[in-house]
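Enquirer: Could you have a look at this structure, given as structure tokens, before my questions?
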Amino acid sequence: MATEAITRRKLNEQEQKISRNGLTFYEDTLSNGHAGLQTNGRVQFPENNTRAEPVKPRSKESFERIPFITAVLTHLGFCILMFLGFINQLLFIPKVAQERNREGYAALYEHFEEFYLRYVYRRVRDCWNRPICSVPGATVTLKDRITKDYGWTFQFTGTTSECINLGSYNYLGFAEANGKCADQSIETLKKFGCASCSSRLELGNMPIHEELEQLTARFLGVEDAIVFGMGFATNALNLPSLVSKGCLVLSDEKNHASLILGLRLSGATVRVFKHNNMKHLEKCLKTAIVFGQPDSGEPWKKIVIVVEGVYSMEGSIVHLPEILQLKKKYKAYLYLDEAHSTGALGKRGRGVCDYYEIDPKEVDILMGTFTKSFGSAGGYIAGTKSLINHLRIYSHAHTYAVAMSPPIAQQIITSMKIITGEDGTDDGKRRTKQLARNTRYFRRRLNQIGVIIYGNEDSPVVPMLVYLFSKIGAVVRTLTTYNIAAVGVGFPATPLMEGRIRFCLSAAHTKQQLDYVLSHIESLADSLGLRYSRKIRDPAPIEYYSDGETE
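For the sequence shown, this note's numbering assigns the number 7 to the initial residue and increments by one for each residue that follows.
Written as structure tokens, this is what we have:
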């Protein structure tokens with residue numbers, strides 16, 4: 007009996023099913039205080055007690071935690087920066103224009119925001135807002151500039167630097183000065199001019215806009231689509247047309263600022279769930295349905311889940327299959343922002359639905375932009391005809407904004423036809439494969455170097471964690487001296503302890519360019535101490551994968 011008791015306790019640690027003679031037994035022997043596998047007072051055990059544990063599928067996402075010492079140093083470094091800023095503010099007069107005759111006025115700016123910009127951000131201001139003077143393709147030409155007053159002002163030197171471009175969202179490489187896209191856009195410019203100078207409800211509607219909407223709906227595999235001239239406004243000015251007071255929105259904590267602004271303007275109640283955490287999302291759904299609206303307890307008019315396809319700061323991909331299960335189970339709507347995933351994910355470049363091989367009609371509201379994979383500007387919302395007809399009447403971005411510029415619309419049409427193969431070539435398929443190949447190779451080589459990177463291994467957005475504020479500036483400046491243009495991101499755009507360098511990969515990048523960048527990242531990892539990862543590294547050479555391995 008003692009042996010049986012010991013075995014029973016071991017089985018209690020994990021619930022397993024055993025099917026015998028058409029019946030299912032549970033080896034979790036205690037249920038509501040009683041033994042679950044008992045016959046005549048004796049516990050029954052399976053004949054084979056040595057079954058192997060089920061193998062869990064390998065996760066494609068990685069969010070390695072910050073080492074404790076690094077966290078301490080990051081906080082300490084930021085405190086020192088703030089302290090030096092206060093000393094600077096007390097002892098020296100700011101070398102910027104001062105507002106006058108403001109006695110009795112309330113402060114126009116947040117005091118901390120003003121202080122942070124002057125005494126913290128200014129120290130690394132040369133790493134941002136760098137002027138370019140070329141197409142932001144695989145390479146980009148930067149205008150060189152210097153500062154003689156520690157970042158207060160800049161002067162151009164008259165020289166330029168051609169750099170490998172890892173900072174632009176040129177996923178499929180359509181940022182080109184020459185070629186089919188540029189040629190057709192120029193022809194459209196000659197025919198229609200730069201702009202319609204009117205909203206589409208008045209005199210701004212052109213055949214090219216309708217052609218683009220029909221092509222976008224066909225590209226995505228939905229009934230209809232509507233396009234707008236600005237990507238940010240597509241979220242900010244359309245969400246108030248879809249949700250309002252009395253509606254509940256469950257928003258991922260990493261959602262873009264355009265989504266957050268749109269939800270604030272809508273007046274809807276917003277509750278934030280943890281990033282890609284399906285258990286927390288389901289808990290929020292259950293709570294919302296059980297308790298209803300605050301104070302009154304009335305049911306919500308509607309519940310909308312708002313997520314992104316690829317998160318531009320994390321490099322992660324939405325867990326769409328699980329979200330769709332929850333959406334159907336609790337009868338909620340789904341708003342999917344595919345700004346960074348359309349064109350960049352899936353065998354056919356159709357976005358996250360294509361990536362998971364899910365029918366896009368299962369998503370209620372598909373949103374995306376044309377500024378990334380299509381090398382243009384603007385955004386779209388796609389879905390059912392009834393949804394799009396509603397937006398044509400009530401959307402502020404459609405009713406009050408000027409129509410999309412015709413040459414911009416032509417750039418999208420041409421690039422989209424290349425992706426779909428409607429141009430009669432396989433150039434679009436080649437670009438999607440090349441992007442997937444570059445993404446896998448670059449991410450695996452960074453893992454081998456020993457730096458911490460966030461996100462999904464299939465995401466072309468690759469955040470490399472450097473943590474300390476001072477290291478953001480050091481890495482960006484050093485890479486620039488090697489003719490590599492990259493973007494540094496720090497507080498308040500990211501949490502204080504998650505300063506990073508964000509690399510955006512493109513189908514236009516060659517293996518030679520990526521190897522050049524990786525070699526300098528490896529040297530920086532040694533000189534600046536960036537090898538924070540505690541994962542086991544594979545010393546075997548990373549292969550540049552074949553087409554078959556990236557399909």
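Backbone N, C-alpha and C fix where the C-beta goes; we use that ideal spot for every residue, glycine too.
The alpha helix (DSSP H) that contains tyrosine 122, what's its start and end?
Expert: 117–125 is the span of the alpha helix (DSSP H), which, as asked, contains tyrosine 122.
Enquirer: Quick one: give me the first and last residue of the alpha helix (DSSP H) that phenylalanine 225 is part of.
Expert: That run of the alpha helix (DSSP H) goes 213–226.
Enquirer: Please confirm whether isoleucine 214 and alanine 415 have their CB atoms less than 9 Å apart.
Expert: Yes, these two residues count as a Cβ contact at 9 Å.
Enquirer: Could you give the C-beta distance for tyrosine 339 and isoleucine 309, rounded to a whole number, given that I count them as a contact under 8 Å?
Expert: Confirmed, Cβ separation roughly 7 Å.
Enquirer: Kindly indicate which residue of Asp429, Thr194, Ser167 and Phe180 has the alpha-carbon position closest to the one of leucine 221.
Expert: If we check each option's Cα against that of leucine 221, Asp429 comes out closest.
Enquirer: Can you tell me whether aspartate 571 is helix, strand or coil according to DSSP?
Expert: The question about residue 571 has no answer, for the chain in this structure spans 7 to 557.
Enquirer: Buried or exposed: aspartate 189, going by 16 or more other Cβ atoms within 10 Å of its Cβ?
Expert: Counting Cβ neighbours within 10 Å, aspartate 189 comes out exposed, since fewer than 16 surround it.
Enquirer: Starting from arginine 443, follow the beta strand (DSSP E) in both directions and report where the run begins and ends.
Expert: Where arginine 443 is concerned, there is no enclosing beta strand (DSSP E), although the alpha helix (DSSP H) it sits in stretches over 433–455.
Enquirer: Who are tyrosine 473's beta bridge partners in DSSP?
Expert: According to DSSP, tyrosine 473 bridges with Gly505.
Enquirer: Taking its Cβ as the centre, do 16 or more other Cβ atoms sit within 10 Å of threonine 56, making it buried, or is it exposed?
Expert: Low per-residue confidence applies at threonine 56: pLDDT is 41, beneath 50, and the placement is therefore not dependable enough to give any value.
Enquirer: Using a Cβ distance threshold of 8 Å, determine whether the region 310–324 contacts the region 463–480, with at least three qualifying pairs required.
Expert: Cβ pair count under 8 Å is three or more, so yes.
Enquirer: For the beta strand (DSSP E) holding aspartate 150, just list the boundary residues, first then last.
Expert: It spans 145–152 - the beta strand (DSSP E) in which aspartate 150 sits, taken as one unbroken run.
Enquirer: Check whether the region 247–267 and the region 295–312 are in contact - that is, three or more C-beta pairs closer than 8 Å.
Expert: Yes, the region 247–267 is in contact with the region 295–312.
Enquirer: From tyrosine 115 to leucine 87, what distance separates their C-alpha atoms?
Expert: Distance between the alpha carbons of tyrosine 115 and leucine 87 is about 21 Å.
Enquirer: Among Thr348, Ala407, Glu288 and Val312, which has the Cα closest to the Cα of lysine 335?
Expert: Cα-wise, what sits closest to lysine 335 is Glu288.
Enquirer: Mapping DSSP to helix, strand and coil, what is aspartate 230?
Expert: Note: aspartate 230 maps to strand in three-state DSSP.
Enquirer: Tell me whether glutamate 109 sits in a helix, a strand or coil according to DSSP, three-state version.
Expert: Glutamate 109: coil per DSSP, three-state reduction.
Enquirer: How would you write the range of the beta strand (DSSP E) that aspartate 258 sits in, first residue to last?
Expert: Element bounds for aspartate 258: 254–258.
Enquirer: Which residues in the same chain as alanine 2 place their Cβ atom closer than 7 Å to its Cβ, once the five residues preceding and following it in sequence are excluded?
Expert: There is simply no residue 2 to check, as the chain begins at 7 and stops at 557 in what is shown.
Enquirer: Within the continuous alpha helix (DSSP H) that includes phenylalanine 238, where are the two ends?
Expert: Looking at the DSSP string, the run of the alpha helix (DSSP H) that includes phenylalanine 238 is 237–242.
Enquirer: Report the partner residues of isoleucine 72 according to the DSSP bridge assignment.
Expert: In the DSSP output, where bridge partners are listed per residue, isoleucine 72 has none listed.
Enquirer: For cysteine 290, collect the residues of the same chain with a Cβ closer than 8 Å to its Cβ; drop the 5 residues on either side in sequence, then sort them by chain order.
Expert: Only Leu256, Arg277 and Phe279 meet the Cβ criterion.
Enquirer: Glutamate 288 lies in the alpha helix (DSSP H); which residues open and close that run?
Expert: Start and end: 284–297.
Enquirer: Nearest CA to the CA of glutamate 67: which residue from Ile459, Asp532 and Ile295?
Expert: The shortest C-alpha separation from glutamate 67 is found at Ile459.
Enquirer: What is the residue span of the alpha helix (DSSP H) that glutamate 328 lies within?
Expert: Its alpha helix (DSSP H) spans residues 326–336.
Enquirer: Have a look at histidine 117 and lysine 353 and give me their C-alpha separation to the nearest angstrom.
Expert: Roughly 49 Å between the two C-alpha positions.
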